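Heads up: the sequence shown begins at 1096 in the working numbering, then just goes up one per residue. In what follows, a single structure is set out as structure tokens and then discussed.
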Amino acid sequence: MANASTSLKVLSVASEMFPLIKTGGLADVVGALPSALAPLDVEVRTLLPGYPAVMAALQDAIEVCHWPRWFGGPARLLAARHESLRLLVLDAPHLYARAGNPYLGPSGHDWPDNAERFAALALAGAHIGWGAVEAFIPDVIHVHDWQAALVPADLHFLGAGKRRPATVLTVHNLAFQGQFDADILDRLGLPDDAFTSDALEFFGDVGYLKSGILLADAITTVSPTYAHEIRTPANGMGMDAMLRWRGSAVSGIVNGIDTDIWNAATDALLEQTYDASSLTQRATNKRAIEVRFALPRDDSLLVCMITRLTTQKGIDLVIDAVDDLVESGARLVVLGSGDAPFEQALIAAATRWPDRVGVRIGYDEGLSHLMQGGCDAILIPSRFEPCGLTQLYGLRYGCVPIVSRVGGLADTVIDANDAALKAGVATGIQFADVTVDGVRDAVGRAVALFSIRETWQRLQTAGMQADVSWRSSAIEFAALYRRLVLATSGRG
Ligand code: ADP
């Protein structure tokens, strides 16, 4: 097993990974970590479910394991790559060969067998931990969110006499806990004694994330402030006591972004590339956004949102504030999809304000880049936000973030208060009052600051200089992995 100075092997287990399959920020993080960790002598391979989009993207796939009976059908493990990403893929057509969203069926409801689908993924991860893939025997298994969170339980309850890699669970969003009826227990391949309050049992159900929180060697979440928030009853979503009980095993490591993909100087998805010394070039992108959203040409503050349309993201506050925002002089363009009533209310707002509000319902990676590269500001009024990535893209692209002071938003944006403005370190606008009034006041501040061109440009350039890369967070992850390996070596 690796020691503090040698190279480390880390198996990352996740349900999505950019650019293969993405529904949110989890995919970006899982996609970016391997190359961020490589210079630190940490070799990452990522275990993913073999969804159609993943299978179609595999290069040089070879079968490394075959399991004739795996949660209701045959499965095989493929070692493959996609460009520079090294992958292990669980090809189990009865579980994953379905079109569309990884988690939801065509009706918009969870696939009825999600418990088995992700238990199957986790158990494959545990087998890799025990040495199933001779060419890659991991020192650490890093599991992401509830979909991978059964790995520590599998290692614990099924691993007697086997090698035991260290485990890290990263909680990207505590709202998604993977809680299932207890009658699935006999389909998970785990013994009955796993169903206790110090392992899988959670209020009479089976709790995937819960078991990971109790059994992983370390738990990280995606910003220090969120790590603090989830240990409080107000924000712990029923898990705060457990998280407090885990003590120093819980920490917050802020997400970075892939600064090669998100580079305004080279981004082919922009109408016009630019850098901090050529900010006026952003106007070409602003014009292109106006065309895409059928808004007339105008130089007033153009605020965007790129988001899931859910109450977490505060979209209901924006819907209620939209008339005031427009009347204060701002324009709004929204790219997103989510809860149908919010989609309809946004379309109604765009109909009411055809010259000031534009809405695109759907998911469009290319348009999201253009919006960051041409809008003046990005509004993120989340009620809670584990880290948030769109404010980081905004900082990097000179699209000034207007954010609620929660979670990772609090940790990554420096509010344009007088002191920060004078010191030249302000990078955005924060507001503490996550209400309709709070949103309106924050956008009002943005309108006022935008009217002083020099001040706005200082906000933009300070943001563009902020380090939003993975570098320092990758160092923290590598140090955590090495600490765990040292602490757990010799442990069976
Ligand atoms: P979350 O993971 O909670 O949805 P994050 O801010 O952490 O929120 O990450 C969201 C990611 O998904 C970002 O990369 C963002 O650009 C992207 N995204 C969200 N909605 C859309 C959309 N409709 N079109 C394109 N990209 C989107």
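Glycine residues also receive a C-beta, built at the ideal position from the N, C-alpha and C atoms. Here the structure is a predicted model, which is why all the values come from computation and not from measurement.
DSSP-derived helix/strand/coil call for R1403: Indexing the sequence shown from 1 puts residue 1403 at position 308. Of the three classes helix, strand and coil, the one that applies to R1403 here is strand, per DSSP.
- prompt: Is Q1367 helix, strand or coil by DSSP?
  reply: By one-based count along the sequence shown, residue 1367 stands at place 272. Taken through DSSP and simplified to helix, strand or coil, Q1367 comes out as coil.
- prompt: Which first and last residues belong to the beta strand (DSSP E) in which L1427 is found?
  reply: To locate residue 1427, count along the sequence shown from 1; it is residue 332. Segment 1426-1433, the beta strand (DSSP E) holding L1427.
task: Taking only heavy atoms of the ligand ADP into account, decide whether any of them is closer than 7 Å to the Cβ of N1268.
output: Indexing the sequence shown from 1 puts residue 1268 at position 173. Yes - the ligand ADP has a heavy atom lying nearer than 7 Å to the Cβ of N1268.
- request: Note down, in chain order, each residue of its chain lying with its Cβ closer than 7 Å to the Cβ of A1099, except the 5 sequence neighbours on either side.
  value: Taking the sequence shown and counting its residues from 1, one reaches residue 1099 at position 4. Bear in mind that the predicted position of A1099 carries a pLDDT of just 48, short of 50, making it too unreliable to give a figure here.
- prompt: Pick from L1250, V1266, A1127, H1267: whose alpha carbon is nearest that of R1259?
  reply: In the sequence shown, the residue the question calls residue 1259 occupies position 164. It is L1250.
- prompt: Between which two residues does the alpha helix (DSSP H) harbouring V1531 extend?
  reply: Here residue 1531 refers to the residue found at position 436 of the sequence shown. Per DSSP, V1531 is one residue of the alpha helix (DSSP H) stretching across 1531-1545.
message: According to DSSP, simplified to helix, strand and coil, what is A1099?
response: Stepping through the sequence shown from its first residue, residue 1099 is reached at position 4. Residue confidence is low: A1099 scores 48 on pLDDT, short of 50, so the model does not pin down where it sits. Its coordinate-derived value is still stated next. In the three-state reduction of the DSSP assignment, A1099 falls in the coil class, being assigned neither a helical nor a strand state.
- prompt: Cα separation between Q1525 and L1554?
  reply: Here residue 1525 corresponds to residue number 430 of the sequence shown, with the count starting at 1. Here residue 1554 corresponds to residue number 459 of the sequence shown, with the count starting at 1. About 13 Å.
- prompt: The beta strand (DSSP E) with R1591 in it runs from where to where?
  reply: Outside the shown range of the chain (1096 to 1587) lies residue 1591, about which nothing can therefore be said.
field: Residues of its chain near L1374, where Cβ-Cβ distance is below 7 Å and the 5 sequence neighbours each way are ignored
entry: Numbered from 1 along the sequence shown, position 279 holds the residue referred to as residue 1374. Excluding positions up to five away in sequence, the list reads G1493, Q1552, Q1555.
field: Three or more C-beta pairs below 8 Å linking the segment 1406-1413 and the segment 1530-1540
entry: Taking a cut-off of 8 Å on C-beta distances, the segment 1406-1413 touches the segment 1530-1540, as three or more cross pairs fall below it.
message: Need the endpoints of the beta strand (DSSP E) that R1326 sits in, please.
response: Start at 1 with the first residue of the sequence shown, and residue 1326 comes out as number 231. Taken as a continuous stretch (DSSP letters only), R1326 belongs to no beta strand (DSSP E), as it is neither H nor E.
- request: Would you mind sorting S1477 into buried or exposed? The rule is 16 or more other CB atoms within 10 Å of its CB.
  value: In the sequence shown, the residue the question calls residue 1477 occupies position 382. So S1477 counts as buried.
message: Buried or exposed, going by whether 16 or more other CB atoms sit within 10 Å of the CB of G1483?
response: The sequence position of residue 1483 within the sequence shown is 388, counting from 1. With 16 or more other Cβ atoms from the protein chains shown falling within 10 Å of its own Cβ, G1483 counts as buried.
- prompt: Should G1587 be labelled buried (16 or more other beta-carbon atoms within 10 Å of its own) or exposed?
  reply: To locate residue 1587, count along the sequence shown from 1; it is residue 492. Note that G1587 scores 47 on pLDDT, short of 50, meaning its location in the model is unreliable and no value can be drawn from it.
field: Contacting residues, own chain, Cβ-Cβ under 6 Å from A1574 (five flanking each side not counted)
entry: Taking the sequence shown and counting its residues from 1, the one referred to as residue 1574 is at position 479. Spatial neighbours of A1574 in its own chain (CB-CB distance under 6 Å, excluding positions within 5 residues in sequence) are not present.
field: Residues of its chain near P1481, where Cβ-Cβ distance is below 7 Å and the 5 sequence neighbours each way are ignored
entry: One-based indexing of the sequence shown puts residue 1481 at position 386. The answer, listed in chain order, is H1267, N1268, T1316, V1317, S1318, Y1321, G1502, G1503.
query: Is the distance from the Cβ of V1184 to the Cβ of V1149 below 8 Å?
result: In the sequence shown, residue 1184 corresponds to position 89, counting from 1. In the sequence shown, residue 1149 corresponds to position 54, counting from 1. The answer is yes: Cβ separation under 8 Å.
C-beta atoms of Q1274 and F1252 nearer than 8 Å: Your numbering for residue 1274 matches position 179 in the sequence shown. Your numbering for residue 1252 matches position 157 in the sequence shown. Q1274 is not a Cβ neighbour of F1252, given a cutoff of 8 Å.
query: What do you reckon, is the C-beta of F1403 under 7 Å from a heavy atom of the ligand ADP?
result: Residue mapping note: residue 1403 aligns to position 308 of the sequence shown, counting from 1. Checking the sequence shown, residue 1403 turns out to be Arg, not Phe. For R1403, the distance from the CB to the nearest heavy atom of the ligand ADP is below 7 Å.
- prompt: Can the beta-carbon of Y1303 be found less than 8 Å from the beta-carbon of A1244?
  reply: Within the sequence shown, residue 1303 is the residue found at index 208, counting from 1. Within the sequence shown, residue 1244 is the residue found at index 149, counting from 1. Going by C-beta atoms, Y1303 is nearer than 8 Å to A1244.
message: Whole angstroms are fine: how far does the CA of A1175 sit from the CA of I1456?
response: As a working note, residue 1456 is residue 361 in the sequence shown. As a working note, residue 1175 is residue 80 in the sequence shown. For the pair I1456 and A1175, the Cα-to-Cα distance works out to about 34 Å.
message: If you reduce the DSSP assignment to three classes, tell me which class H1251 lands in.
response: Position 156 of the sequence shown holds residue 1251. H1251 sits in a helix when the DSSP states are folded into three classes.
field: Neighbourhood of V1520 by C-beta distance below 7 Å, restricted to the same chain and skipping five residues each side
entry: The residue labelled residue 1520 in the question sits at position 425 within the sequence shown. Same-chain partners within the cutoff: I1509, A1557.
task: Alpha carbon to alpha carbon, how far is A1371 from R1491? Give it in angstroms, no decimals.
output: As a working note, residue 1491 is residue 396 in the sequence shown. As a working note, residue 1371 is residue 276 in the sequence shown. Distance between the alpha carbons of R1491 and A1371 is about 9 Å.
6 Å CB neighbourhood of L1103 in its chain, flanking five on each side removed: Residue mapping note: residue 1103 aligns to position 8 of the sequence shown, counting from 1. Closer than 6 Å at Cβ, skipping near neighbours: A1097, V1137, D1234, Y1576.
message: At a cut-off of 7 Å, would you count G1351 as near the ligand ADP, judging by its Cβ distance to the nearest heavy atom?
response: Here residue 1351 refers to the residue found at position 256 of the sequence shown. Flag unset: Cβ of G1351 not near the ligand ADP.
message: Does the structure place the segment 1442-1461 close enough to the segment 1319-1339 that three or more beta carbon pairs sit under 8 Å?
response: Counting C-beta pairs closer than 8 Å gives fewer than three between the segment 1319-1339 and the segment 1442-1461, which falls short of the contact rule.
field: Own chain residues within Cβ distance below 6 Å of P1114, not counting five before or after
entry: Residue numbering aside, residue 1114 sits at position 19 when the sequence shown is read from its first letter. Beyond the five residues adjoining it in sequence on each side, P1114 comes within less than 6 Å, by CB distance, of no other residue in the same chain.
field: Where the beta strand (DSSP E) through R1171 begins and ends
entry: Position 76 of the sequence shown holds residue 1171. In this chain, the beta strand (DSSP E) harbouring R1171 covers 1170-1177.
- prompt: Under the DSSP definition of a beta bridge, which residues are partnered with C1160?
  reply: On the sequence shown, position 65 is the one that residue 1160 refers to. Answer is L1172.
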